[in-house]
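Colleague:
In the numbering used here, the protein residues as written are 1005 to 1237.
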């Protein structure tokens, strides 16, 4: 049903009257959708449910500074960054869903546009669909065994090997204080620090780091001494 301004000849078409007219027409459309058994979101083809769309943006809303997701990188990494931002801004369920969409690009945006109407009723449901769709892009999670494949290269200072090993250990969340020293020692070249660990193994990685610092300082001092000799020549 459409209400025409000409049906009310005694009423001037003021901006206020036209705004009221649009509001009434929207209300009639909503009633028609309810009678037909479908929500406005379903009629419009929006993947989000009416409940998700109903949550209002906070007055001080700010868009989170997150890199767009185009469907080619690890979805779990992107989701984790977004959830951190959502926690900071205290987004509620519906806001999370709608803001999450704003970071989609290319393949991710195309996937969302092709979802069935009103299929997402919560952020939890959205996450499940998102992770399932882009599961093939998830990184291979490293295990403790990967640490035993790291070796100190010939000529590589102890400091650099330690940095290399620590970076790899960060990607293994299940690493324990007991396993890490064994993996680290196995990858060392047969030098002074390796011989020290062979005589007295470190049972905790923190203790190993404290002992390694002494040998790193010694290597740095020896390197500075050699550099000084070259400069004199």
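Ideal Cβ placement from N, Cα and C applies to all residues, glycine included.
Considering Cα atoms alone, identify which of 1144, 1095, 1211 and 1052 is closest to residue 1176.
Modeller: Measuring from the Cα of residue 1176, the nearest candidate turns out to be 1144.
Colleague: Taking only runs of the alpha helix (DSSP H) that begin and end inside the region 1041 to 1091, which ones reach a length of at least 4 residues, in chain order?
Modeller: Runs found: 1044 to 1048 and 1054 to 1058.
Colleague: Which of the three DSSP states, helix, strand or coil, is assigned to residue 1220?
Modeller: Helix at residue 1220.
Colleague: Quick one: what's got a C-beta closer than 7 Å to residue 1142's C-beta in the same chain, skipping five residues either side?
Modeller: Excluding residues within five positions, the ones whose Cβ falls inside 7 Å are 1078, 1079 and 1080.
Colleague: What are the complete alpha helix (DSSP H) segments, minimum 4 residues, inside the region 1116 to 1202?
Modeller: The qualifying runs are 1127 to 1137, 1148 to 1151, 1162 to 1174 and 1183 to 1190.
Colleague: For residue 1035, which residues of its own chain have a beta-carbon under 7 Å away from its beta-carbon, when the five flanking residues on both sides are left out?
Modeller: Interpretation of residue 1035 is limited by its pLDDT of 47, a score under 50 that renders its predicted location unreliable; the figure taken from the coordinates is listed afterwards. Excluding sequence neighbours, residue 1035 sits near nothing in its chain.
Colleague: Would you call the region 1155 to 1165 in contact with the region 1099 to 1110, where contact means no fewer than 3 C-beta pairs closer than 8 Å?
Modeller: No: the two stretches stay apart, fewer than three of their Cβ pairs being nearer than 8 Å.
Colleague: Can the beta-carbon of residue 1135 be found less than 8 Å from the beta-carbon of residue 1051?
Modeller: Taking 8 Å as the Cβ cut-off, residue 1135 and residue 1051 do not qualify as a contacting pair.
Colleague: For the alpha helix (DSSP H) holding residue 1097, just list the boundary residues, first then last.
Modeller: Looking at the DSSP string, the run of the alpha helix (DSSP H) that includes residue 1097 is 1097 to 1105.
Colleague: If we count Cβ pairs, one from each stretch, closer than 8 Å, do we get three or more for the region 1163 to 1173 versus the region 1186 to 1206?
Modeller: Touching, yes, given that three or more Cβ pairs across the two stretches are closer than 8 Å.
Colleague: Specify the secondary structure class of residue 1036 as computed by DSSP and reduced to three states.
Modeller: Residue confidence for residue 1036 is low, a pLDDT of 48 falling below 50, so the modelled location carries little weight and cannot support an answer.
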